[in-house]
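In what follows, a single structure is set out as structure tokens and then discussed.
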Amino acid sequence: MIAILGYGLGNVKAFANIYKGLNIPFCVAEDGAALAAADRIILPGVGSFDHAMIRLRSSGLFEPLEEAVIGKGKPVLGVCVGMQMLARSSEEGGEPGLGWIDGEVTRIRFPEDGPRGLLPHMGWSTITSRAEDPLLDGLDDALGFYFLHSYRFVCRDPAEVIATADYATPFHCAVRRGHIQGVQFHPEKSHHNGTRLLKNFAEN
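Going by our numbering, the sequence shown opens with residue 17, and the numbers climb by one from there.
What follows is the structure, encoded as structure tokens:
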């Protein structure tokens, strides 16, 4: 059973539609009991880092989520701001992150002597897999994924970076620390590649 965390942020319905189409059991978890019954968890997120962390902590799901992921070792996939929430902190605000993967979130900055871009980074970008990982199995890297963000996750341990992307400057777009995984892009908006990634998460 896949639990899509229902704390008021993220494209919950889009994730649900994909899993419904794949005939993979899922639920929208709005209480601790639903998280306790799940095998795997998706942590979606949109908007600002502080707003997402405050919503999570006020939802009544913060402690059950930590118990499920850290206490019970259930796999979790953070998506977009949900990936950023896995970090220790963010330049976007002052709230502490979950701290499950060692890293910080910083604003995308463009090199003074290099190509420039507009923020937010919005649209399709290719990715480069840096390691064989079951989450990325069978993906078309050249097809890429849909992104929408102005901040990026800076992972301190290079071994925990499983894919990168480039928007005038390279950035980490997929990370893993054991059963804790995160992607900066939106698989629920990324057609074939996104569906394959969500299927991989459910089955591996």
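Glycine included, each C-beta is placed from N, C-alpha and C at the ideal position.
- Message: Between Asp55, His202, Tyr23 and Arg125, which has its C-alpha nearest Lys88's C-alpha?
- Response: Ranking the options by Cα distance to Lys88, first place goes to Asp55.
- Message: Just to confirm the assignment, what range does the beta strand (DSSP E) spanning Gly119 have?
- Response: That run of the beta strand (DSSP E) goes Gly119 to Arg123.
- Item | Proximity winner among Leu51, Val62, Gly48 and Gly113, relative to Val28 (alpha-carbon distances) | Answer by Cα proximity: Val62.
- Ala32 in three-state terms, based on DSSP: Of the three classes helix, strand and coil, the one that applies to Ala32 here is helix, per DSSP.
- Message: I believe Gln197 touches Val92 by the beta-carbon criterion, under 8 Å. Please report the beta-carbon distance rounded to the nearest angstrom.
- Response: Contact holds; Cβ gap of about 7 Å.
- Between the CA atoms of Lys36 and Leu102 - distance to the nearest angstrom: Distance from the CA of Leu102 to the CA of Lys36, rounded to the nearest whole angstrom, comes to 27 Å.
- At what residues does the beta strand (DSSP E) containing Arg132 begin and finish? From DSSP, Arg132 is part of no beta strand (DSSP E); its letter is neither H nor E.
- Is the beta carbon of Arg125 less than 8 Å from the beta carbon of Thr180? Taking 8 Å as the Cβ cut-off, Arg125 and Thr180 do not qualify as a contacting pair.
- What residue does the beta strand (DSSP E) around Pro127 start on, and which one ends it? Looking at the DSSP string, Pro127 is not in any beta strand (DSSP E), and its letter there is neither H nor E.
- Task: Please confirm if the region 130–147 is in contact with the region 72–83, defined as three or more CB-CB distances below 8 Å between the two stretches.
- Result: Using a C-beta cut-off of 8 Å, the region 130–147 makes no contact with the region 72–83, since fewer than three inter-stretch Cβ pairs fall below that distance.
- Length of the line joining the Cα atoms of Arg193 and Ala147: In this structure, the straight-line span from the alpha carbon of Arg193 to that of Ala147 is close to 13 Å.
- Query: Which ranges does the alpha helix (DSSP H) cover as unbroken runs of at least 4 residues, wholly within the region 63–114, from first to last along the chain?
  - Reply: Within the region 63–114, the runs of alpha helix (DSSP H) at least 4 residues long that lie entirely inside it are, in chain order, 65–74, 78–82 and 97–100.
- Task: Could you tell me whether the Cβ atoms of Phe161 and Phe201 are closer together than 8 Å?
- Result: Going by C-beta atoms, Phe161 is nearer than 8 Å to Phe201.
- Message: By DSSP's criteria, Ser145 is part of a beta bridge. Which residues make up the other side?
- Response: Its beta-bridge partners are Ala179.
- Quick one: measure Cβ to Cβ for Ala49 and Cys43, integer angstroms, because I've assumed they're closer than 8 Å. Not confirmed; about 10 Å, so no contact.
- Exposed or buried, which one is His207 when buried takes at least 16 other CB atoms within 10 Å? Classification of His207: exposed, given that the 10 Å Cβ count is below 16.
- Keeping to the same chain, check which residues put their C-beta closer than 8 Å to that of Pro112; ignore five residues upstream and five downstream. Answer for Pro112: Met69, Arg104 and Ser105, listed in chain order.
- Message: In whole angstroms, give me the CA-to-CA distance for Ala19 and Gly76.
- Response: C-alpha separation (whole angstroms): 15 Å.
- Query: Could you give the distance in angstroms between the alpha-carbon of Ile34 and the alpha-carbon of Ile58?
  - Reply: Taking the straight line joining both Cα atoms gives about 13 Å.
- First through last residue of the beta strand (DSSP E) which encompasses Gly198: Start and end: Ile196 to Val199.
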